[in-house]
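Just remember that our numbering sits 35 ahead of the position in the sequence shown, which is counted from 1. The block underneath contains the structure these notes are about, expressed in structure tokens.
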Amino acid sequence: MSSIFSTLSPFRLFVKCAVPNVISMAFISFYYIVDGIFVGKYLGSDALAALALIIPFIMMSFALADMIAIGSAVQISMYLGLGKKNLARKIFSSSMLIIFIISCFIGILEYFLGPVLIDCLNVSDEIKTMAKECMFVFALFAPFTMLSFALDNYLRICGKTAYSMVMNVIIALSNIVLDFIFIVELGWGLFSAALATCLGLVLGGIFGIFPFLFQNLELKISSLYMNLKIFKNILYNGSSEFFGNISGSLYSIFANFVLLKISDTQAVAAFSIVLYIDSFIIMLIIAMGDAMQPALSYNYAKKDFSRIKAIIKVVFFAGGFLSLFSIVLILI
């Protein structure tokens, strides 16, 4: 399927790869907004503030796994472009194992270090308790949720863009349904919102791993191989994702600390609502770039730089159009 990266016209390639990914991200972003609505309406502003306080730490915990996932996706696409399919499969299998090991380590850190960090926050004991309960849930499910995010990158490499879209839609819809059952019907606390998110991601992960096990894809679970050069390239290619994740999370943490200092948890809750809305369009634009990454890496390996420029032009045009369209909607 990776042959489409060099045969389809840039516009058709964008439609096939980016449009499903944008739809996926729209559903995921919509879920985050709905999640905030459930928490704010049925559990109150303190619960929304508690969730807002721990989310930056949770997102930061994904940074290392995301770096390996994105970096390995670049390397895998390049080796497929060079026709080295067996090596690409070995890098894929090795990267999955590395991500699993990292996620287990991160989960342990979250479980034991999370409560210590939460105790440093200048909030009520009730909010601290809710935040700790959420942190424990995310820590226990860390190995599975991080793998679920990584699988999305590998599915796009294999041209399974529509399948990836369906997987993300399932994650989003299952999260919304579980939120309703746990929070509204059963009356559970804030931890149930985290549980709904994790169970949705686990379901998506199970759905996402099936093609690699039972379908004839270019990427399959195979023997392991990873040398120092490839690993350094993975870290280099994934470093932008890592630092972007870290910087965004640190900003949110700093903003929450400032808001707690000059105001109270109501301000943190209000700020979280603003971030929910602001991130929606941003995530759609990021989704366009992420979707075209395999095609860019594939053609870079083939040294087809004119095609790379053509693909980038389409992405920039689409991103610019979406940005202007969103500005017009906001002004209206």
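Ideal placement from N, C-alpha and C gives every residue a C-beta, glycine not left out.
For residue i, which residues from the same chain have a beta carbon less than 8 Å from its beta carbon, with the 5 sequence-adjacent residues on both sides left out?
i	result
Pro246	Leu190, Cys193, Lys195, Tyr198 and Leu252
Phe277	Ala98, Leu99, Asp101 and Met102
Val172	Phe226, Ala229, Leu230 and Cys233
Gly354	Ile320, Met323 and Gly324
Ser273	Note that residue 273 is Gly in the sequence shown here, rather than Ser. Cβ within range, chain order: Asp101, Met102, Ile103, Ala104, Ile105, Gly106, Ser107 and Val109.
Ile346	Pro45, Leu48, Phe49, Met327, Ala330, Leu331 and Asn334
Gly75	Ala82, Leu83, Ala304 and Ile308
Ser358	Ile316 and Ile320
Gly149	Ile89, Phe92, Lys167, Met170, Phe171 and Ala174
Hey, quick one: how far does the alpha helix (DSSP H) through residue i stretch, first residue to last?
i	result
Cys233	Phe226 to Phe249
Cys139	Lys120 to Asp154
Cys52	Pro45 to Phe73
Asp160	Asp160 to Ile192
Tyr77	Neither: Tyr77 is in no alpha helix (DSSP H) and is coded neither H nor E.
Lys195	Premise fails: Lys195 is in no alpha helix (DSSP H) and is neither H nor E.
Ser282	Leu263 to Ile297
Val109	Ala98 to Gly116
Ile256	It is not in any alpha helix (DSSP H) - Ile256 carries neither H nor E in the DSSP assignment.
Ile39	Ile39 to Thr42
Is it right to say residue i is buried, meaning 16 or more other beta carbons lie within 10 angstroms of its own, or is it exposed?
i	result
Gly222	exposed
Asp101	buried
Thr42	exposed
Asn157	exposed
Glu145	buried
Phe360	exposed
Phe289	exposed
Ile362	exposed
Ser341	exposed
Ile141	buried
Ser275	exposed
Ile133	buried
Ile297	exposed
In chain order, what residues of the same chain lie with their CB nearer than 7 Å to the CB of residue i, ignoring the 5 residues before and after it?
i	result
Leu294	Ala302, Val303 and Phe306
Tyr77	Ile218 and Val219
Phe176	Cys233 and Val237
Ile343	Leu331, Asn334 and Tyr335
Gly279	none
Can you tell me which of the options puts its alpha carbon nearest to the alpha carbon of residue i?
i	options	result
Ile111	Ala345, Gln328 and Phe62	Gln328
Leu254	Leu43, Asn121, Lys163 and Asn334	Asn121
Ala123	Gly142, Gly149 and Tyr260	Tyr260
Val151	Phe140, Arg47 and Thr164	Thr164
Ile153	Tyr114, Ile105 and Ala85	Ala85
Leu364	Gly273, Ile316 and Asp339	Ile316
Tyr114	Ser341, Val350 and Tyr333	Tyr333
Ile90	Asn268, Val349, Ile265 and Ala166	Ala166
Gly240	Ile362, Ser183 and Cys139	Ser183
Ile256	Phe356, Ile343 and Ser129	Ser129
Ala207	Ser298, Leu357 and Asp70	Asp70
Gly224	Phe356, Asn291, Glu168 and Leu148	Glu168
Cys155	Asn291, Asn188 and Phe352	Asn291
Pro178	Leu148, Asp187, Phe147 and Cys139	Cys139
Phe127	Ile265, Ile162 and Phe351	Ile265
Ser314	Gly283, Leu366 and Ile162	Gly283
Quick one: is residue i near chain C, going by C-beta distance under 9 Å?
i	result
Leu186	The structure shown contains no chain C; it holds only a single protein chain.
With a threshold of 6 Å on Cβ separation, who are the neighbours of residue i within its own chain once the five nearest residues in sequence on each side are excluded?
i	result
Phe73	Asp214 and Ile218
Met318	Met60 and Ser64
Ser209	Gly235 and Leu238
Ala322	Asn56, Val57 and Met60
Thr180	Cys233 and Leu236
Asp160	none
Ala87	Val303 and Ser307
Ala336	Met113, Gly116 and Leu117
Met200	Pro55, Ile58 and Ser59
Asp187	Ser199
Quick check: is any heavy atom of the ligand NAP less than 8 Å from the C-beta of residue i?
i	result
Ala104	Absence of the ligand NAP from the depicted structure is noted, as is the absence of any ligand whatsoever, leaving it without description.
Taking 9 Å as the threshold (C-beta atoms), are residue j and residue i in contact?
i	j	result
Met170	Ile93	yes
Ala104	Ala53	no
Phe242	Ile205	yes
Ile211	Tyr66	yes
Leu285	Met131	no
Asn203	Phe62	yes
Ser258	Lys125	yes
Ala174	Ile143	yes
Ile68	Lys51	no
Leu310	Ser287	yes
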